[in-house]
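From first to last, the protein sequence lines stand for chains A and B.
At position 258 of the first sequence the residue is numbered 258 (our numbering), and the sequence of numbers has no breaks.
At position 172 of the second sequence the residue is numbered 172 (our numbering), and the sequence of numbers has no breaks.
Have a look at the structure below, then the notes.
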Amino acid sequence: MGKETKKVTRERVAGRQKLLVPQIAGFVYCPGCHEPLAARAIADVLEELGTGDRTLGVFGIGCSSFLLGILDIDVVLGPHGRPPDMATGLKRVYPDNIVFTVQGDGDLMSIGADPLLGALTRAEKITIIMLNNAVYGTTGGQMAPTSLVGQITTTTPGGRDIAHFGFPAHAAEMIATFKGVAYSARGAFNTPYNYERTKGYIKIAFQKQMDSVGLSFVEILCACPANWRMSPTDSLKWIEEKMILEFPLGEFKNVDRIE
Amino acid sequence: MGERMFIEGNVAIGWGAAKADCQAFFGYPITPQNEITEWFAREFPKMGRIFVQSQSELGSINILYGAAAAGVRAMTSTSSPGWSLMQETVSDMANAELPCVIVHVQRAGPGGGPIRHAQQDYLQCTRGGGHGDYRNIVLAPASSQECCDLVQLAFYLADKYRNPVIVMSDAIIGRLRETVEVKKIEFGPVPDKEWAARGKGRHKDGKRRVVDHCADLFGRDPNYRTFLQRLDQKVGQMQESELQYESYKTDDAELILVAYGYTARVSKEAVNMARAEGIRAGLIRPIAIWPFPYKVIGDKARQGCKFLVVEDCLGQMVEDVRFAVEGCADVHLVSILDRHIPTDGGMILPDKVFDKIRQIK
Numbered sequence: 001m002g003k004e005t006k007k008v009t010r011e012r013v014a015g016r017q018k019l020l021v022p023q024i025a026g027f028v029y030c031p032g033c034h035e036p037l038a039a040r041a042i043a044d045v046l047e048e049l050g051t052g053d054r055t056l057g058v059f060g061i062g063c064s065s066f067l068l069g070i071l072d073i074d075v076v077l078g079p080h081g082r083p084p085d086m087a088t089g090l091k092r093v094y095p096d097n098i099v100f101t102v103q104g105d106g107d108l109m110s111i112g113a114d115p116l117l118g119a120l121t122r123a124e125k126i127t128i129i130m131l132n133n134a135v136y137g138t139t140g141g142q143m144a145p146t147s148l149v150g151q152i153t154t155t156t157p158g159g160r161d162i163a164h165f166g167f168p169a170h171a172a173e174m175i176a177t178f179k180g181v182a183y184s185a186r187g188a189f190n191t192p193y194n195y196e197r198t199k200g201y202i203k204i205a206f207q208k209q210m211d212s213v214g215l216s217f218v219e220i221l222c223a224c225p226a227n228w229r230m231s232p233t234d235s236l237k238w239i240e241e242k243m244i245l246e247f248p249l250g251e252f253k254n255v256d257r258i259e
Numbered sequence: 001m002g003e004r005m006f007i008e009g010n011v012a013i014g015w016g017a018a019k020a021d022c023q024a025f026f027g028y029p030i031t032p033q034n035e036i037t038e039w040f041a042r043e044f045p046k047m048g049r050i051f052v053q054s055q056s057e058l059g060s061i062n063i064l065y066g067a068a069a070a071g072v073r074a075m076t077s078t079s080s081p082g083w084s085l086m087q088e089t090v091s092d093m094a095n096a097e098l099p100c101v102i103v104h105v106q107r108a109g110p111g112g113g114p115i116r117h118a119q120q121d122y123l124q125c126t127r128g129g130g131h132g133d134y135r136n137i138v139l140a141p142a143s144s145q146e147c148c149d150l151v152q153l154a155f156y157l158a159d160k161y162r163n164p165v166i167v168m169s170d171a172i173i174g175r176l177r178e179t180v181e182v183k184k185i186e187f188g189p190v191p192d193k194e195w196a197a198r199g200k201g202r203h204k205d206g207k208r209r210v211v212d213h214c215a216d217l218f219g220r221d222p223n224y225r226t227f228l229q230r231l232d233q234k235v236g237q238m239q240e241s242e243l244q245y246e247s248y249k250t251d252d253a254e255l256i257l258v259a260y261g262y263t264a265r266v267s268k269e270a271v272n273m274a275r276a277e278g279i280r281a282g283l284i285r286p287i288a289i290w291p292f293p294y295k296v297i298g299d300k301a302r303q304g305c306k307f308l309v310v311e312d313c314l315g316q317m318v319e320d321v322r323f324a325v326e327g328c329a330d331v332h333l334v335s336i337l338d339r340h341i342p343t344d345g346g347m348i349l350p351d352k353v354f355d356k357i358r359q360i361k
């Protein structure tokens, strides 16, 4: 052959973002989980924007908060559901920084509804990224506000029943109705195409914040095979066939100026 | 010489915070502290500083968490129900070691309570208030001047210990209008906030900062025990170094009154009335109600003094005084049940305290 064999590394196959912590200690995500992809997408976008040095990540409680061990940026971790509040404090002190939260659907839409509504009403110039896996992941798969009708969870063993537990909460659509919102979109990580599209949404969301337009929001449908009691590949199918039907992908609001 | 102003305790809090270089205030409306929030809304934007009216007390305390994590001096204020709401995050800030000041203008309870004065949150404030092992220094002003001065001390102590500090007044001290000399007080240097999250580019070493409230998770300390040992040392150091109390006519006293806040003003008057009749009464007024002056009270008990606690609740600080005397002295109480009228407008007045002094004598 005579050709030099290049060493096959993860860096060559998939690339490795500079904004990921060099030695990730205690990687906690389950096999097939989509949440680390959010770290990858955020790191990619921050590198493209060249703003990693003035970015603050804010995390609450849930699997989403473990991203703070992966992203090599300044981070603040605080109480369950409170990241939009903490981000408000950080952004008001450092208006030139990019301040974003990463939260689960429970952290944002259930226990965190009060800080979310506060930030939306005040039109805080922050970015909120919600990872929607339709369950409480860290605590073992209980019903979340986003659980689908009929979905079996540990607290809805007979399936989510609308008479008692109502209907799934639609964050991206609700947030788009607020005047102070510059951008609201929903993406998914179930296919490479959707991953790229979602990364684009994150980039636009950060750009809206850099331009001080208003609050920006991206919801991302994420697989949770461990709590869905499914294989990683079946989970991709479930997102495609069930979740996206309930939670359509796309942009719900995109404005350059709010008056 | 500072500027002299005729202002309420609540307003004095604002001027004190401004002198202490507080950069941000977050508040939510609740009686009887609205004058504080309104002062910041009016004055802070003029100074180029940050004011945010939050969506709830949960909002106030968590926005404060963010600003404190950003490394600036910041504060909030509230009253009893709001103080209860804040407790989870106060506990988180003790873990995350975030310096901040919280002003708590007490009102009556339990629950929604009457919205007028009372001193019913002593135990909740001095025992931390939230879950887990931690303590906050609690300063209790008894005048408008002290509102202005103690809020400055609070910022200094918060930075010194990297811990929340509480300034606990009450509806009477908060609404009491007195002449105040507004001047900046120097307390000496405080540690650099090199731990704050400002964006990696702002750190000299170029390394990222993690501000977290789960001490064992992200390697701040080698393990949970080392974290707890550090916390224990911090609490011990506060107890050793931050005692603050006023002794009034205690040198030859046979009966010592113990009171803080508005009831200390009332008690001082009662001591004067007793002295006029030749009764040797005195007053110990804890200015810091945590750490509490156990030893001072214990020493007096062993010298044969009796004690009378005056507090506008069913009896909370009286537990600390009983603990301090270790069974060596009688401890009496004038409580909320001794107010001059039975409605929520009732107050503990000096003549009632004086009657009790005469009975004990």
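Positions of the beta carbon are idealized from the N, C-alpha and C atoms, including for glycine.
Subject >> Any chain A beta carbon closer than 7 Å to A41 (chain B) >> reply: no
Subject >> For A223 (chain A), the three-state DSSP class (helix, strand or coil) >> reply: coil
**OP:** Mark K91 (chain A) as exposed unless 16 or more other C-beta atoms lie within 10 angstroms of its C-beta, in which case mark it buried.
**Re:** buried
Original post:
Where are the beta strand (DSSP E) runs, 3 residues long or more, that stay fully inside the region 210-298 of chain B, in chain order?
Top reply: 245-248, 255-258, 281-286 and 288-290
Original post:
Would you say G200 (chain A) faces chain B, with C-beta separation under 7 Å as the test?
Top reply: no
Subject >> Sequence ranges, beta strand (DSSP E) only - wholly within the region 26-91 of chain A, length at least 3 >> reply: 55-59 and 74-77
Subject >> Bridge partners - S84 (chain B), DSSP secondary structure assignment >> reply: None, per the DSSP bridge assignment.
Original post:
Do the CB positions of E270 (chain B) and F155 (chain B) come within less than 7 Å of each other?
Top reply: Note that residue 270 (chain B) is Ala in the sequence shown, not Glu. No, the pair does not count as a contact, with Cβ atoms beyond the cut-off.
Original post:
So H104 (chain B) and S79 (chain B) are in contact, right, with Cβ under 8 Å, and what is the actual spacing, rounded?
Top reply: 7 Å
**OP:** Below 6 Å CB to CB, which residues in the same chain sit around W442 (chain B) once its five sequence neighbours on both sides are set aside?
**Re:** In this structure chain B extends from 1 to 361, so residue 442 (chain B) is not present and cannot be described.
Subject >> Residue-chain proximity (I73 (chain A), chain B), Cβ-Cβ < 7 Å >> reply: yes
**OP:** Out of B:C328, B:Q359, B:I348 and B:A264, state which residue places its alpha-carbon closest to the alpha-carbon of I279 (chain B).
**Re:** B:Q359
Original post:
Do V182 (chain B) and W15 (chain B) come within 7 Å of each other at the CB atom, strictly closer than that value?
Top reply: yes
Subject >> Listed by chain order, chain A residues near H213 (chain B) by CB distance under 8 Å >> reply: L77, G78 and P79
Subject >> Any chain E beta carbon closer than 7 Å to M86 (chain A) >> reply: No chain E is part of this structure, whose protein chains are labelled A and B.
**OP:** Go through its chain and collect everything with a Cβ distance to P346 (chain A)'s Cβ below 6 Å, but skip five positions before and after it.
**Re:** In the structure as shown, chain A starts at 1 and stops at 259, and residue 346 (chain A) therefore has no counterpart that could be examined.
Original post:
Considering only the beta carbon of each residue, do A274 (chain B) and I173 (chain B) sit closer than 7 Å?
Top reply: no
Original post:
Should A41 (chain A) be labelled buried (16 or more other beta-carbon atoms within 10 Å of its own) or exposed?
Top reply: buried
**OP:** Count the other C-beta atoms from every protein chain shown that fall within 10 angstroms of the C-beta of H340 (chain B), then say buried if there are 16 or more, exposed otherwise.
**Re:** exposed
**OP:** Give the DSSP-derived three-state secondary structure of F167 (chain A) in the structure shown.
**Re:** coil
Subject >> Same chain, Cβ closer than 7 Å to A169 (chain A), neighbours up to 5 away in sequence not counted >> reply: M109, P145 and T146
**OP:** Using 6 Å as the cut-off, classify the Cβ of R4 (chain B) as near or not near the heavy atoms of the ligand FMN, replying yes or no.
**Re:** What this structure holds is no ligand at all, so the ligand FMN is not there to describe.
Original post:
chain B beta carbons: is any one of them nearer than 7 Å to that of D114 (chain A)?
Top reply: yes
**OP:** Consult DSSP for C100 (chain B) and reduce its assignment to one of helix, strand or coil.
**Re:** strand
**OP:** Can you tell me which of the three DSSP states G327 (chain B) falls into?
**Re:** coil
Subject >> Nearest candidate by alpha-carbon position, reference V180 (chain B), set B:C148, B:G298, B:A158 and B:G132 >> reply: B:C148
**OP:** Tell me whether the beta-carbon of T127 (chain A) lies closer than 7 Å to the beta-carbon of F206 (chain A).
**Re:** yes
Subject >> C-alpha distance - E240 (chain B) paired with K234 (chain B), whole-angstrom precision >> reply: 10 Å
Original post:
Can you list, in chain order, the stretches of the beta strand (DSSP E) that have 3 or more residues and sit fully within the region 6-30 of chain B?
Top reply: 24-27
Original post:
Using a Cβ cut-off of 8 Å, which residues of the region 51-72 of chain A contact any Cβ in chain B, in chain order?
Top reply: G52, D53, R54, T55, L56, V58, L68, G69 and D72
Subject >> Span of the alpha helix (DSSP H) around S60 (chain B) >> reply: E57 to A69
**OP:** Can you check DSSP and say which residues form a bridge with Y183 (chain A)?
**Re:** A:S216 and A:N254
Subject >> chain A contact for S84 (chain B) (CB, 7 Å cutoff) >> reply: no
Subject >> Cα-Cα separation, N254 (chain A) to I152 (chain A) >> reply: 35 Å
**OP:** Determine contact between the region 97-106 of chain A and the region 119-139 of chain A, defined as no fewer than three beta-carbon pairs at a distance below 8 Å.
**Re:** yes
Subject >> Whole alpha helix (DSSP H) elements within the region 103-185 of chain B, 4-residue minimum >> reply: 122-126, 144-161 and 171-175
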